[in-house]
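Asks: Numbering (my numbering), first residue to last: 136 to 451.
Beta carbons: idealized from backbone N, C-alpha and C, even for Gly.
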Amino acid sequence: MSLFPINNIARVIDVRQSLSIDALSASNEPTIKAEGGRASVRATPDIKYGDIVQRSAVVENDAQAINSVVALFTSLLTQLLALVADKKQKTIPDAVPSPVVPQVTPQPVMPKPDAAASIPGLSSKRGGAKPDNIWSGFRQGPDGNCVTVSAIKAAMYRFGQSPTDIFQEVAKTNGGYHVVMRDGFRLTLTDGELAEGTRGAKFSGPDNGMLKDAQFLFAVSAKRAQMENNDRTAGRSYQAAIYSLNNGEDENGPGEGFLRLGLKSHMKRVSVSDLARGQIGMCNRTGHSVAVINGREELWGKQGRPPTRGQAVALI
136 MSLFPINNIA RVIDVRQSLS IDALSASNEP TIKAEGGRAS VRATPDIKYG DIVQRSAVVE
196 NDAQAINSVV ALFTSLLTQL LALVADKKQK TIPDAVPSPV VPQVTPQPVM PKPDAAASIP
256 GLSSKRGGAK PDNIWSGFRQ GPDGNCVTVS AIKAAMYRFG QSPTDIFQEV AKTNGGYHVV
316 MRDGFRLTLT DGELAEGTRG AKFSGPDNGM LKDAQFLFAV SAKRAQMENN DRTAGRSYQA
376 AIYSLNNGED ENGPGEGFLR LGLKSHMKRV SVSDLARGQI GMCNRTGHSV AVINGREELW
436 GKQGRPPTRG QAVALI
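Structure, rendered in structure tokens:
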């Protein structure tokens, strides 16, 4: 069955131009010759068989009529075939249609707050920002914790003031802090221990943010001292650990303060002249330890002279 309705392709052809009116009449009766002598396309009884000329004319007229009809039907058939072929071609797409992609309106993604951007107990400095004033921002108190103070000041200037820059990770937890140091050492400092360490450090200074960060670093150093049983006494309690940092350090050589901050892989023994030429580090002299920054010693919140003697450790 054709896929195309006949009313789309039908064409009416008038064949009366080629055939006589009598030839188009369906009848079994003999054809009566019309007045005026019109030639018929059929052999009729009124034509004499002896009249050869008249019979030839009738045959010639019949042949012409048949040829005309054949030509008309051939033309019609050609047009029908062309029309059908054109319809079929239109049903075949020239190319694979592109898939319909649904329009999706993107929803704005709000940035998540940085967990380290605001940690209670710490300053707002981040991203390696150095202290506003490394000399006087905070200073050592009356106790003998100079080793820890010099390590804290040198680390602040080398890596940034914030404990989040000095340590690998600092996260606030329920009731305390989780700390991961650069050497992989992990510890948990409670809120109570931070408060106790802040009191035990006895630091002072006008920069409240720097002071809070320094107190946190001291409290963490004391916690590690407790876990490692510093001086063979710190393991007794957190208070004993604080005391072990306040009564002098570096009995076994310079650098204990850096080690308790997890900076072992950043330490290098150097000459005092290396620090005097600008390397950041600390220098131990008899009875005292100082941070050396930009070639100058730090002396109780003030900038001193270039170091000339002692045992030196640089932060690299």
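Comparing alpha-carbon positions, which option in Leu218, Asn280, Ala290, Phe302 lies nearest Gly332?
Replies: For the purposes of this step, residue 332 is taken as residue 197 along the sequence shown, with counting starting at 1. For Gly332, the closest alpha carbon among the candidates Leu218, Asn280, Ala290, Phe302 is that of Asn280.
Asks: Assuming Ala449 contacts Leu410 under a Cβ cut-off of 8 Å, what Cβ separation, rounded to an integer in Å, is found between them?
Replies: Position 314 of the sequence shown, counted from the start, is the residue given in the question as residue 449. Position 275 of the sequence shown, counted from the start, is the residue given in the question as residue 410. About 7 Å; that satisfies the 8 Å criterion.
Asks: With a threshold of 6 Å on Cβ separation, who are the neighbours of Thr213 within its own chain once the five nearest residues in sequence on each side are excluded?
Replies: Residue mapping note: residue 213 aligns to position 78 of the sequence shown, counting from 1. Same-chain partners within the cutoff: there are none.
Asks: Would you call Asp181 buried or exposed, if buried means 16 or more other Cβ atoms sit within 10 Å of its Cβ?
Replies: The count along the sequence shown starts at 1 and reaches residue 181 at position 46. Note that Asp181 has pLDDT 49, beneath the 50 cutoff, so the model's placement of it is unreliable and the number below is only indicative. With fewer than 16 Cβ atoms within 10 Å of its Cβ, Asp181 is classed as exposed.
Asks: Between His423 and Ile377, what straight-line distance do the alpha-carbon atoms span, to the nearest angstrom?
Replies: Position 288 of the sequence shown holds residue 423. Position 242 of the sequence shown holds residue 377. Whole-angstrom Cα-Cα distance: 18 Å.
Asks: Grouping DSSP H, G and I as helix and E and B as strand, with all else coil, what is Gly279?
Replies: Stepping through the sequence shown from its first residue, residue 279 is reached at position 144. Residue state, collapsed to three classes: strand.
Asks: Per DSSP, Leu478 forms a beta bridge with which residues?
Replies: In the structure displayed, the chain extends from 136 to 451; residue 478 sits before or after that span and is not available.
Asks: What are the boundary residues of the beta strand (DSSP E) that Lys307 is part of?
Replies: Stepping through the sequence shown from its first residue, residue 307 is reached at position 172. 304 to 308 is the extent of the beta strand (DSSP E) around Lys307.
Asks: Should the segment 253 to 261 be called in touch with the segment 341 to 352, which here means at least 3 C-beta pairs below 8 Å?
Replies: yes
Asks: Assign Ala360 to one of two classes, buried (16 or more other C-beta atoms within 10 Å of its C-beta) or exposed (fewer than that).
Replies: Looking up residue 360 in the sequence shown gives position 225. Taking all protein chains in view, the Cβ of Ala360 is crowded by 16 or more other Cβ atoms within 10 Å, so the residue is classified as buried.
Asks: Look at the alpha carbon of Gly413 and the alpha carbon of Lys307, and state the distance between them as a whole number of angstroms.
Replies: On the sequence shown, residue 413 is found 278 positions in, with the first residue counted as 1. On the sequence shown, residue 307 is found 172 positions in, with the first residue counted as 1. The alpha-carbon atoms of Gly413 and Lys307 are separated by roughly 36 Å.
Asks: Just to confirm, does Ile451 get its C-beta within under 6 Å of one of the non-hydrogen atoms of the ligand NAP?
Replies: Judged by which ligands are present, the structure shown has none, so any question about the ligand NAP falls away.
Asks: Given a cut-off of 7 Å, decide if Phe353 and Thr299 are closer than it, judged by their beta-carbon atoms.
Replies: Position 164 of the sequence shown, counted from the start, is the residue given in the question as residue 299. Position 218 of the sequence shown, counted from the start, is the residue given in the question as residue 353. Contact flag unset, no.
Asks: Since I believe Leu380 is in contact with Val355 (beta carbons under 8 Å), could you give me their beta-carbon distance rounded to a whole number of angstroms?
Replies: The residue labelled residue 355 in the question sits at position 220 within the sequence shown. The residue labelled residue 380 in the question sits at position 245 within the sequence shown. For Val355 against Leu380, the beta-carbon gap comes to about 11 Å, at or over 8 Å, which does not count as contact.
Asks: Sort out for me which residues DSSP pairs Gln438 with in a bridge.
Replies: Translated into the one-based positions of the sequence shown, residue 438 becomes position 303. Answer is Glu433, bridged to Gln438.
Asks: Under 8 Å by Cβ, that's how I've got Ala264 and Gln296 pegged, so tell me the actual separation to the nearest angstrom.
Replies: For the purposes of this step, residue 264 is taken as residue 129 along the sequence shown, with counting starting at 1. For the purposes of this step, residue 296 is taken as residue 161 along the sequence shown, with counting starting at 1. Confirmed, Cβ separation roughly 6 Å.
Asks: Is the number of C-beta pairs between the segment 395 to 407 and the segment 284 to 291 that are closer than 8 Å three or more?
Replies: Yes, the segment 395 to 407 touches the segment 284 to 291.
Asks: Taking Cβ to Cβ, would you say Lys337 is nearer than 7 Å to Gly276?
Replies: Here residue 337 corresponds to residue number 202 of the sequence shown, with the count starting at 1. Here residue 276 corresponds to residue number 141 of the sequence shown, with the count starting at 1. Closer than 7 Å, so yes.
Asks: Going by the DSSP bridge assignment, what does Met402 pair with across the sheet?
Replies: Here residue 402 is taken as the residue at index 267 of the sequence shown, counted from 1. Leu450, per the DSSP bridge assignment.
Asks: Among Pro441, Trp270, Ala426, which residue has its Cα nearest to the Cα of Leu346?
Replies: To locate residue 346, count along the sequence shown from 1; it is residue 211. Ranking Pro441, Trp270, Ala426 by Cα distance to Leu346 puts Trp270 first.
Asks: Do you know how far the Cα of Pro266 is from the Cα of Gly272?
Replies: Against the sequence shown, residue 272 aligns to sequence position 137. Against the sequence shown, residue 266 aligns to sequence position 131. Going by the C-alpha atoms only, they are around 7 Å apart.
Asks: If you draw a straight line from the C-alpha of Arg404 to the C-alpha of Phe294, how long is it?
Replies: What you label residue 404 is simply residue 269 of the sequence shown in a count that begins at 1. What you label residue 294 is simply residue 159 of the sequence shown in a count that begins at 1. Distance between the alpha carbons of Arg404 and Phe294 is about 18 Å.
Asks: Distance, Cα to Cα, Arg274 vs Gly439?
Replies: Within the sequence shown, residue 274 is the residue found at index 139, counting from 1. Within the sequence shown, residue 439 is the residue found at index 304, counting from 1. When rounded, the distance between both Cα atoms is 14 Å.
Asks: Whole angstroms is fine: what's the gap from Asn364's alpha carbon to Val425's?
Replies: Taking the sequence shown and counting its residues from 1, the one referred to as residue 364 is at position 229. Taking the sequence shown and counting its residues from 1, the one referred to as residue 425 is at position 290. The alpha-carbon atoms of Asn364 and Val425 are separated by roughly 24 Å.
Asks: I think Val407 touches Arg371, with their Cβ atoms under 8 Å apart; what is that distance to the nearest whole Å?
Replies: To locate residue 407, count along the sequence shown from 1; it is residue 272. To locate residue 371, count along the sequence shown from 1; it is residue 236. About 36 Å; that fails the 8 Å criterion.
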